[in-house]
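Numbering (our numbering), first residue to last: 1 to 444. Have a look at the structure below, then the notes.
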Ligand code: SDX
């Protein structure tokens, strides 16, 4: 087995470098070490293949930085999440989703005037092209709303041709604002279609979260007033899901965008990836798991299954690639959960009691302690959303609605990055070496 040795050097003041030595040939390559403003340094391996004809090997990209980004930073060891340098708990407590959208798109919190202009722009882009209404009628009523989201968002490029030229900065901003503005309408209409109720149009007098809840639960037959406790909780849930570094769906959006596909197609790709139960689909899976567990007395057997290597069962809502400490979003989500349930007068919500019992048992179990498995953002969100009246199938739709600003901000950063190029990973080939064609009659 060829051995290599990696020496990391950086005499005082000199730029740090990493040298890879192939012990079988004695050949070596020295690569620069780059330091960001926070977090781990990186070894710049861009010349590695050119000089060694070797690739790095990192399935799942557990040790790979795919890009430079200034939008979001996560410190998984201390459970910290920053957007533009502001911590998620401060933003959830003191800011609102429109401000967080502006922060992710422009890098700074808006002034009062900038915020008013941005909110106006989002408000006045919330309607859909009327022809899109008939797009919904092509789906079965029992279609999963995430399937509808992938279809309708991907189809936006067939309606908004004036914001698909990715080389045009103005069109990029128009597309970004259209996507943020229209996702609540698309999402609410997917729900209304599934229950056979008429679509409710956005109301320009309402705030973003209030408007979404109104489009979800109002009917043309009577006035529907959204309670401020619920619109505030919805706004917080949007903030908690806004962006999260280079997670699977964001990396999907970046990879799709690197081919210069239009922004609507890229976001549709992100929605498709988020749907997986290992990612954004976990919130729906958490509720299914809690309903399957049913009672605190059954928790031990499920924790046992989660620890069993031969059992594919995982404790949904637990664990994270980056957080090896509590997910700060889960902390805020749990507090919001209690606020919403108190407001709704749901004192002894059995699923919440079960979730808290499961959390306590899991966090005291040596397996979860050793593996550093904590509740993540998806663990409590389903309980709040269900209490607010959303069906389980809408949970990931809400995640996608909120994450759209993160996806589109990361997409915009990638398009505007002077060093960006089409994403094209290589592989370690383990298939058949070259061999000659065998005619059909000679194949036995
Ligand atoms: C999101 O990346 C992001 O930022 C995502 C996200 C975002 O905002 O975009 O934060 C949103 O996707 C949150 C995660 C939601 N998913 C779930 O809750 C599903 C359950 N969690 C697991 O599937 C898992 O924890 C992942 C997928 C979240 C993370 O997987 P990793 O980092 O690839 O870790 P792993 O699968 O390699 O697990 C490490 C060990 C393994 O044991 P060993 O092979 O080392 O013996 O921990 C075990 C796993 O078996 N493990 C679990 C577990 N999660 C990991 N065991 C039981 N139950 C679990 N939930």
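By construction, the Cβ of each residue, glycine as well, lies at the ideal position given by its N, Cα and C atoms. Quick caveat, the model's predicted, so the values are computed rather than measured.
By the CB criterion at 8 Å, residue 333 and residue 381 fall inside the cutoff. The beta carbons of residue 398 and residue 260 sit about 30 Å from each other, so the pair does not count as a contact at 8 Å. By the criterion of a C-beta distance shorter than 7 Å, residue 273 is surrounded in its chain by 248, 249, 252, 279, once the five residues flanking it on both sides are discounted. If you draw a straight line from the Cα of residue 131 to the Cα of residue 243, it comes to about 31 Å. The three-state reading of DSSP puts residue 244 in coil, since its state is none of H, G, I, E or B. The Cβ-Cβ distance between residue 79 and residue 103 does not fall below 8 Å. Sorting 444, 255, 376, 403 by C-alpha distance to the C-alpha of residue 319 places 376 at the top. Inclusion of residue 414 and residue 172 in the CB contact set at 8 Å is not warranted, their separation being larger than that value.
Around the Cβ of residue 211, a 10 Å sphere holds 16 or more other Cβ atoms; the residue is buried.
In the structure shown, residue 308 adopts coil according to DSSP, grouped into three states. Of the other Cβ atoms in all chains shown, 16 or more fall within 10 Å of the Cβ of residue 299; this residue is therefore buried.
For residue 77 against residue 325, the beta-carbon gap comes to about 6 Å, under 8 Å, which counts as contact. By the beta-carbon neighbour count (other beta carbons within 10 angstroms, threshold 16), residue 46 is exposed. Contact between the region 64 to 72 and the region 301 to 313 is absent, with fewer than three C-beta pairs closer than 8 Å. Assignment of residue 231 by DSSP, reduced to helix, strand and coil, places it in the helix class.
Where residue 327 is concerned, there is no enclosing alpha helix (DSSP H), because DSSP gives it neither an H nor an E. When DSSP states are grouped into helix, strand and coil, residue 105 belongs to the helix group.
Approximately 4 Å separates the beta-carbon atoms of residue 234 and residue 209; this is inside 8 Å, confirming the contact. For the 8 Å CB-CB criterion, residue 153 and residue 267 form a contact. For residue 81, the uninterrupted beta strand (DSSP E) run begins and ends at 80 to 83, by DSSP. The C-alpha of residue 322 is placed about 41 Å away from the C-alpha of residue 224. DSSP places residue 295 in the coil class of the three-state scheme, outside both helix and strand.
Checking the 7 Å criterion, the Cβ of residue 308 is out of range of every heavy atom belonging to the ligand SDX. A buried status is given to residue 263, since no fewer than 16 other beta-carbon atoms sit within 10 Å of its beta-carbon. When distances are taken from the beta-carbon of residue 318 to the heavy atoms of the ligand SDX, the shortest one is below 7 Å.
The region 182 to 198 and the region 389 to 409 touch, with three or more beta-carbon pairs separated by less than 8 Å.
Distance between residue 226 and residue 372, taken at the CA atoms: about 39 Å. In the three-state DSSP reduction, residue 18 falls in the strand class (E or B). Shortest Cα-Cα distance from residue 157 to any of 178, 265, 218 involves 265. Under the three-state reduction of DSSP, residue 318 is assigned to strand.
Not one heavy atom of the ligand SDX lies closer than 7 Å to the C-beta of residue 360. The count of Cβ pairs closer than 8 Å, one atom from the region 100 to 116 and one from the region 353 to 362, stays below three, leaving the stretches out of contact. In its chain, beyond the 5 residues on either side, 20, 22, 27, 29 have a beta carbon closer than 8 Å to the beta carbon of residue 52. Residue pairing of residue 258 in beta bridges, as defined by DSSP: absent, with no partner found.
In terms of CA proximity to residue 186, 149 leads the group 378, 60, 37, 149.
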